[in-house]
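Please read the structure below before turning to the comments.
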Ligand SMILES: *Cc1c(COP(=O)(O)O)cnc(C)c1O
Ligand SMILES: [Zn+2]
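Numbering (the numbering used here), first residue to last: 77 to 454.
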């Protein structure tokens with residue numbers, strides 16, 4: 077096995093990585109420390125998927141890799157307010173969202189250490205991804221979701237053979253429900269489990285390779301639980317430490333105004349997510365009022381010289397319709413990130429290299445999109 081250690085972000089206790097743990101005995105979040113390397117000539121010979129960066133990923137036995145040949149999604153230039161922005165097409169994954177990056181590494185790791193059963197909670201897409209990769213790995217799983225999750229995501233999780241648990245109330249109620257199950261079962265959490273971020277970091281590696289082995293100046297991505305923010309931060313830092321890029325791009329992290337604890341904290345100049353009164357948002361996938369890794373997300377965005385932006389429901393809806401009219405069929409949560417781009421490019425005229433992302437596929441949210449259509453007919 078590769079030399080990997082789990083380190084507590086609170087008390088700095090170190091654990092060997094092959095134990096099926098997901099948090100420190102002190103309750104703190106675990107982070108991963110491991111060596112990464114980027115043999116460019118070797119990388120370029122490998123198939124176009126995220127496992128081409130195997131020297132930077134925690135799995136070394138090929139038979140443990142659980143994969144649908146995911147990743148290396150195209151970056152398509154789209155014009156916003158007169159500027160071209162490269163949009164990474166991460167809605168084109170096996171399960172319809174970029175969460176497959178994290179699920180592929182996390183479930184591969186679970187297989188490598190002999191885990192037979194996992195639990196996960198999600199607002200939908202992470203549950204879909206964990207369920208699909210468990211199906212491929214022959215690992216059984218229990219997925220907990222809020223009862224009001226989009227029906228297409230519920231159908232998808234069930235079809236993969238997972239045990240689906242519908243929890244009444246908000247996203248936090250679901251998080252509490254899974255914690256009791258996680259006392260006895262491996263918690264394949266996309267917020268607690270640090271192996272998930274070892275997958276989402278490939279988002280950064282791919283952008284670097286697809287930009288001609290260079291980092292763009294700015295990245296515009298969503299922030300709910302921060303799986304993409306933390307992956308982007310870890311990934312570009314790996315490249316910086318390897319001497320392959322001079323600096324990490326500025327990270328612009330987007331929240332829905334109706335649920336924006338990180339945006340609030342940023343402008344209140346505090347280091348922990350703010351307590352907020354959340355209201356419902358079209359962007360169900362980033363409706364996270366109490367992000368577990370909030371402190372780390374705030375630190376990453378600030379250290380990248382980036383900032384937080386909060387978008388309104390009207391802006392999300394307008395961005396959604398505008399992308400659909402251009403032929404990009406994305407889900408409302410994905411549109412929240414896109415909604416921030418026109419103002420960002422206009423308020424930062426000195427930045428010429430922008431990359432953003434379509435995070436989830438529109439076919440996951442048919443009923444929400446139909447509701448928007450009906451509303452606009454009235
Ligand atoms: C999960 C998700 C996000 C946001 O990711 P976080 O990890 O919560 O920050 C954005 N869009 C879609 C479609 C998602 O599934
Ligand atoms: Zn600890």
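Cβ coordinates follow ideal geometry from the N, Cα and C atoms, glycine included. Every value quoted in this text rests on a predicted model; they were computed, and no experiment measured them.
Minimum C-alpha distance to residue i - residue among the options
i: residue 129; options: 102, 100, 181, 152; result: 181
i: residue 187; options: 361, 95, 414, 146; result: 95
i: residue 132; options: 139, 166, 144, 116; result: 116
i: residue 213; options: 295, 141, 360, 355; result: 141
i: residue 218; options: 344, 178, 173, 261; result: 261
i: residue 263; options: 433, 443, 99, 442; result: 99
i: residue 281; options: 119, 411, 453; result: 119
i: residue 357; options: 267, 224, 403, 319; result: 224
i: residue 174; options: 302, 354, 398, 317; result: 302
i: residue 401; options: 269, 355, 154; result: 154
i: residue 423; options: 287, 288, 123, 159; result: 159
i: residue 289; options: 437, 203, 114; result: 114
i: residue 389; options: 419, 333, 416, 421; result: 333
i: residue 122; options: 285, 379, 425; result: 285
Distance between beta carbons of residue j and residue i, contact taken as under 8 Å
i: residue 368; j: residue 299; result: That pair is no contact at about 13 Å.
i: residue 221; j: residue 237; result: No, residue 221 and residue 237 are not in contact; Cβ-Cβ is about 16 Å, not under 8 Å.
i: residue 325; j: residue 312; result: 6 Å
i: residue 458; j: residue 330; result: Here the chain has residues from 77 to 454 only, and residue 458 is not among them.
i: residue 165; j: residue 208; result: Their Cβ separation, rounded to whole angstroms, is 19 Å, which puts residue 165 and residue 208 out of contact at 8 Å.
i: residue 427; j: residue 247; result: Residue 427 to residue 247, Cβ: 33 Å. No contact.
i: residue 337; j: residue 352; result: 5 Å
i: residue 387; j: residue 412; result: 6 Å
i: residue 347; j: residue 374; result: 6 Å
One or two residues paired with residue i in a DSSP bridge
i: residue 436; result: 173
i: residue 99; result: 105
i: residue 200; result: Note: residue 200 sits in no beta bridge, so no partner.
i: residue 242; result: 221
i: residue 80; result: 110
i: residue 263; result: 195
i: residue 294; result: 326, 430
i: residue 155; result: 160
i: residue 289; result: Note: residue 289 sits in no beta bridge, so no partner.
i: residue 216; result: 193
i: residue 406; result: 437
i: residue 332; result: 335, 387
i: residue 92; result: 81
Spatial distance of residue i from residue j (CA atoms)
i: residue 359; j: residue 185; result: 30 Å
i: residue 435; j: residue 406; result: 8 Å
i: residue 448; j: residue 90; result: 50 Å
i: residue 255; j: residue 197; result: 9 Å
i: residue 414; j: residue 395; result: 6 Å
i: residue 192; j: residue 216; result: 6 Å
i: residue 271; j: residue 453; result: 46 Å
i: residue 106; j: residue 450; result: 46 Å
i: residue 251; j: residue 143; result: 27 Å
i: residue 79; j: residue 398; result: 47 Å
i: residue 240; j: residue 318; result: 42 Å
i: residue 109; j: residue 178; result: 17 Å
i: residue 205; j: residue 176; result: 5 Å
i: residue 440; j: residue 88; result: 40 Å
i: residue 161; j: residue 391; result: 18 Å
i: residue 315; j: residue 134; result: 16 Å
i: residue 183; j: residue 92; result: 18 Å
i: residue 437; j: residue 408; result: 9 Å
i: residue 101; j: residue 258; result: 14 Å
i: residue 226; j: residue 393; result: 17 Å
i: residue 420; j: residue 139; result: 44 Å
Near ligand 3: residue i beta-carbon under 7 Å from a heavy atom
i: residue 109; result: Absent from the structure shown: ligand 3. Ligands present: ligand 1 and ligand 2.
Subject >> the region 301-309 / the region 276-283 touching (three or more Cβ pairs under 8 Å) >> reply: yes
Original post:
Using 8 Å as the threshold, is the region 135-150 in touch with the region 222-234, meaning 3 or more CB pairs across them?
Top reply: no
Subject >> Three or more C-beta pairs below 8 Å linking the region 277-293 and the region 244-263 >> reply: No contact exists between the region 277-293 and the region 244-263.
Subject >> At least 3 beta-carbon pairs within less than 8 Å: the region 372-391 vs the region 335-342 >> reply: Cβ pair count under 8 Å is three or more, so yes.
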